[in-house]
Amino acid sequence: MTTWLFSKDELERKSPSLQDGMDARTEASYRGYYSTFAQELGKKLQVSQMTVATAITFCHRFYTRQSLLRNNCLIVATSCMLLATKVEETHRYLKEVVFISYELRNRDDPKALERIMEDRDLYVSEKQLVLYGERLVLTTIEFDLSVVNPHKPLVATLKRLRILKQDLVQRAWNFLNDGLRTTLVLQFKPGQVAAGAIYVAARLLKIKLPEEEGGRFWWHELDVTPVLLEEIASQLLEVYDNPSLLSPAEQRNGRSSRENGDAFTSSQTFS
Numbered sequence: 001m002t003t004w005l006f007s008k009d010e011l012e013r014k015s016p017s018l019q020d021g022m023d024a025r026t027e028a029s030y031r032g033y034y035s036t037f038a039q040e041l042g043k044k045l046q047v048s049q050m051t052v053a054t055a056i057t058f059c060h061r062f063y064t065r066q067s068l069l070r071n072n073c074l075i076v077a078t079s080c081m082l083l084a085t086k087v088e089e090t091h092r093y094l095k096e097v098v099f100i101s102y103e104l105r106n107r108d109d110p111k112a113l114e115r116i117m118e119d120r121d122l123y124v125s126e127k128q129l130v131l132y133g134e135r136l137v138l139t140t141i142e143f144d145l146s147v148v149n150p151h152k153p154l155v156a157t158l159k160r161l162r163i164l165k166q167d168l169v170q171r172a173w174n175f176l177n178d179g180l181r182t183t184l185v186l187q188f189k190p191g192q193v194a195a196g197a198i199y200v201a202a203r204l205l206k207i208k209l210p211e212e213e214g215g216r217f218w219w220h221e222l223d224v225t226p227v228l229l230e231e232i233a234s235q236l237l238e239v240y241d242n243p244s245l246l247s248p249a250e251q252r253n254g255r256s257s258r259e260n261g262d263a264f265t266s267s268q269t270f271s
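Each residue of the sequence shown is one higher than the one before, starting from 1 at the first, in the UniProt record's numbering.
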């Protein structure tokens with residue numbers, strides 16, 4: 001099984017997109033673009049946040065081996081969503097995925113959905129693109145469909161600590177969802193990313209996290225150190241200071257979590 005963990009240096013200097021001449025800022029912008037698209041597609045399809053997270057993770061893994069300049073990121077995101085609905089057992093009809101993806105990719109055209117529903121040739125063409133994308137994703141990631149999203153260790157840790165404060169739970173959950181737009185899941189283990197989200201949420205809400213029995217710190221069980229916590233926290237907060245990683249609605253809002261002590265909330269709620 002492939003190890004999908006990379007150093008920040010590998011991701012920022014050696015990706016196929018950068019080797020094709022794309023600059024790092026543009027690559028980050030595209031990453032935010034396809035991740036936000038996947039979130040919107042998942043919301044329209046009414047799938048779980050686990051499915052969305054898995055789809056985005058597949059996208060990130062794909063682009064560690066393929067160039068953004070050679071593969072349409074929204075088609076790839078659609079193909080990854082189709083694949084994720086199977087992996088996470090939140091199955092959706094292929095036609096539904098194709099219709100909604102086409103509508104979102106042509107959102108400036110109010111008749112886009114009507115057109116693809118009525119034009120069989122257009123539908124067949126779009127369907128073939130998505131299916132080809134799915135095959136390309138599978139071969140690129142070597143059919144490795146194993147994904148552990150950081151949401152699972154997040155929930156397990158909060159339950160272990162008996163943290164029932166809804167503000168903290170929801171804030172940490174939102175940080176994970178927004179952090180999917182970055183390369184965090186390619187740099188750190190799921191539990192480490194979860195620890196970073198809990199740490200940032202608690203810090204912003206000024207909540208002291210409990211120590212466990214024997215004086216051990218809560219993050220010991222997540223294989224993380226204070227240095228790693230700070231690094232993950234820093235990268236999580238960078239999302240809100242980088243307009244290219246935000247959705248259009250968030251860009252219009254124009255707020256920064258650093259300035260307001262608040263995080264942009266994801267459309268998905270903790271469940």
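The beta carbon of each residue, even a glycine, is placed where N, CA and C say it ideally should be. In this text the structure is predicted, and so the values were computed from the model without any measurement.
On a CA-only basis, which of the options is nearest residue i? Give me that one, please.
| i | options | result |
| --- | --- | --- |
| Q187 | T140, Y34, V224 and D119 | V224 |
| L168 | V137, V200 and N149 | V200 |
| Q192 | R216, R162, I163 and L236 | L236 |
| S101 | T90, E88 and T78 | T78 |
| V87 | F58, D119 and W173 | F58 |
Report, in whole angstroms, the separation of the C-beta atoms of residue i and residue j, which I expect to be a contact under 8 Å.
| i | j | result |
| --- | --- | --- |
| P83 | E134 | Going by the sequence as given, residue 83 is Leu instead of Pro. About 6 Å; that satisfies the 8 Å criterion. |
| P150 | P190 | 4 Å |
| S35 | E27 | Actually they are not in contact, since the Cβ atoms of S35 and E27 sit about 12 Å apart, beyond 8 Å. |
| V137 | V76 | 7 Å |
| V130 | V98 | 6 Å |
I need the DSSP call for residue i, collapsed to helix, strand or coil.
| i | result |
| --- | --- |
| Y63 | coil |
| N174 | helix |
| E142 | coil |
| V137 | helix |
| E88 | coil |
| K127 | helix |
Could you spell out the range, first to last residue, of the alpha helix (DSSP H) harbouring residue i?
| i | result |
| --- | --- |
| R105 | L94 to R105 |
| S234 | P226 to D241 |
| G42 | A24 to L45 |
| P153 | H151 to R160 |
| I198 | P190 to L205 |
| K8 | K8 to R13 |
| R181 | Per DSSP, R181 belongs to no alpha helix (DSSP H) and is neither H nor E. |
Measuring only the C-alpha atoms, how far is residue i from residue j?
| i | j | result |
| --- | --- | --- |
| L176 | A194 | 7 Å |
| H220 | P210 | 13 Å |
| F62 | T140 | 6 Å |
| Q143 | A197 | According to the sequence as given, residue 143 is Phe; it is not Gln. F143 and A197: Cα-Cα distance of roughly 29 Å. |
| S7 | D23 | 18 Å |
| L69 | D20 | 7 Å |
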